[in-house]
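In our numbering, the protein residues as written are 60 to 263.
Below is one structure, written out as structure tokens, with a few remarks after it.
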């Protein structure tokens, strides 16, 4: 099995690459219902995390996840920074407070609930929660990594017919209908990158 340090480094690079390759697409999605900078902001956040790799290498996995969350809050603009940051900070704290045999799905559920509280939103509001809650459902049933990634992708696509209830997109009202939420899309992209990396390296 990979060491915590190798796992952290690998996941960071996988996520950075996924966002870098799709930054323009994410900006296009955001241009339709937001400021048009979601891809740029996400790329800046991932680059900031990459710059911290040496410091992160000396931390345990839960500590590194929490530190990555803090870094994202400080470097991703708009609503995405606090939401992604809250998710990772809470996952790190939950994992740190439990032994290694604990159920990751439970830690993830509590972190997603923290994101919902932070954003004062819920499933169906056309946010990244519309991907995070389905991911949790897949984790609970111990789905295969490929199934988790596919559920995340489909869930992001299903935000298109939703009416935005939170964030800048909410001001558009019905005009937000017909557009995929950029936060949901970036969440699905990151989930796919993480699942792909874990599938390729879980026995390494």
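Ideal Cβ placement from N, Cα and C applies to all residues, glycine included.
Just checking my contact of residue i with residue j at CB under 8 Å: how many whole Å lie between their CB atoms?
| i | j | result |
| --- | --- | --- |
| residue 183 | residue 221 | 7 Å |
| residue 123 | residue 190 | With a Cβ gap of about 23 Å, residue 123 and residue 190 do not count as contacting. |
| residue 71 | residue 102 | The Cβ separation is near 13 Å, so there is no contact. |
| residue 138 | residue 226 | 5 Å |
| residue 150 | residue 175 | Actually they are not in contact, since the Cβ atoms of residue 150 and residue 175 sit about 14 Å apart, beyond 8 Å. |
Tell me whether residue i sits in a helix, a strand or coil according to DSSP, three-state version.
| i | result |
| --- | --- |
| residue 71 | helix |
| residue 253 | helix |
| residue 157 | coil |
| residue 162 | coil |
| residue 152 | helix |
| residue 179 | coil |
| residue 169 | helix |
Hey, how far is the Cα of residue i from the Cα of residue j?
| i | j | result |
| --- | --- | --- |
| residue 216 | residue 239 | 6 Å |
| residue 93 | residue 254 | 28 Å |
| residue 152 | residue 83 | 33 Å |
| residue 113 | residue 68 | 9 Å |
| residue 135 | residue 100 | 5 Å |
| residue 187 | residue 209 | 15 Å |
| residue 250 | residue 232 | 28 Å |
| residue 192 | residue 178 | 14 Å |
If you drop the 5 nearest sequence neighbours on each side, which residues of the same chain put their C-beta closer than 6 Å to that of residue i?
| i | result |
| --- | --- |
| residue 261 | none |
| residue 200 | none |
| residue 218 | 185, 189, 239, 240, 243 |
| residue 168 | 195 |
| residue 223 | 185, 229, 235 |
| residue 73 | 252, 256 |
| residue 203 | none |
Apart from the five residues on each side of it in sequence, which residues of its chain come closer than 8 Å, Cβ to Cβ, to residue i?
| i | result |
| --- | --- |
| residue 119 | 63, 155 |
| residue 128 | 143, 144, 145, 146, 147, 148, 149, 150, 151 |
| residue 207 | 194, 197, 198, 250, 254 |
| residue 76 | 252 |
If you drop the 5 nearest sequence neighbours on each side, which residues of the same chain put their C-beta closer than 7 Å to that of residue i?
| i | result |
| --- | --- |
| residue 163 | 198 |
| residue 241 | 85, 88, 89, 93, 97 |
### Message
Suppose only complete runs of 4+ residues qualify. What are the alpha helix (DSSP H) ranges in the region 182-248, listed by chain order?
### Response
188-199, 204-216
### Task
Can you check the region 82-150 for any alpha helix (DSSP H) of at least 4 residues that lies completely inside it and give the ranges in chain order?
97-110, 112-115, 120-134
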